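Engineer: Take this structure, written in structure tokens, and hold onto it; I'll ask about it next.
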Amino acid sequence: MRVTFTPLGTAAEANSNETVLDAARRADAPIGNSCGSVGVCGRCAVRVLAGAENLSAPTTIELRVSAQRGFAADERLACQAVVMGDVEVTTGYW
Ligand code: FES
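First residue of the sequence shown: 361, per our numbering; consecutive thereafter.
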């Protein structure tokens, strides 16, 4: 399960039950976060460029944060989205 970080040009293999944020740390892809991956700060939002179907369904807390912050349909919280297959993500600050 490969997670690609575009346009950084880095990628990492995600292990079972790992999130996009877990893979990002392994790939040295900096993703903002300030709540310890609890899912409340919203700083770890990423845009999914490919493989959205390979991420776990949004958690209740992710749905709440997404609604409060007006996330686009392709935005996910990296700390909540569990990788289940190949995926490609980006942020506005890379
Ligand atoms: S790290 Fe806070 S919502 Fe993901």
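Even glycine gets a Cβ: it sits at the ideal position worked out from N, Cα and C.
Fair warning: this is a prediction, and the values are worked out from it, not measured in the lab.
How do the stretch 380-397 and the stretch 423-431 stand: do at least 3 beta-carbon pairs fall below 8 Å, yes or no?
Structural biologist: Judged by Cβ distances under 8 Å, the stretch 380-397 makes no contact with the stretch 423-431, as fewer than three pairs qualify.
Engineer: Could you tell me whether the Cβ atoms of A387 and T366 are closer together than 8 Å?
Structural biologist: Residue mapping note: residue 387 aligns to position 27 of the sequence shown, counting from 1. Residue mapping note: residue 366 aligns to position 6 of the sequence shown, counting from 1. No, they are not a contact pair.
Engineer: Regarding L415 and the ligand FES, is the C-beta to nearest heavy atom distance less than 7 Å?
Structural biologist: Here residue 415 refers to the residue found at position 55 when the sequence shown is read from its first residue. Every heavy atom of the ligand FES is 7 Å or more from the Cβ of L415, so no.
Engineer: In the DSSP assignment, the beta strand (DSSP E) including V448 goes from what residue to what residue?
Structural biologist: Counted from its first residue, the sequence shown places residue 448 at position 88. The amino acid at residue 448 is misidentified as Val; the sequence shows Glu. Counting along the chain, the beta strand (DSSP E) containing E448 begins and ends at 447-450.
Engineer: By alpha-carbon positions, which one of N414, A433, G392, T419 ends up nearest to W454?
Structural biologist: Reading the sequence shown from its first residue, position 94 is the one you call residue 454. Among N414, A433, G392, T419, the Cα nearest to that of W454 belongs to G392.
Engineer: According to DSSP, is A405 helix, strand or coil?
Structural biologist: The sequence position of residue 405 within the sequence shown is 45, counting from 1. In the structure shown, A405 sits in a strand (DSSP, three-state: E or B).
Engineer: Does DSSP classify A383 as helix, strand or coil?
Structural biologist: Looking up residue 383 in the sequence shown gives position 23. The answer is helix: DSSP assigns A383 an H, G or I state.
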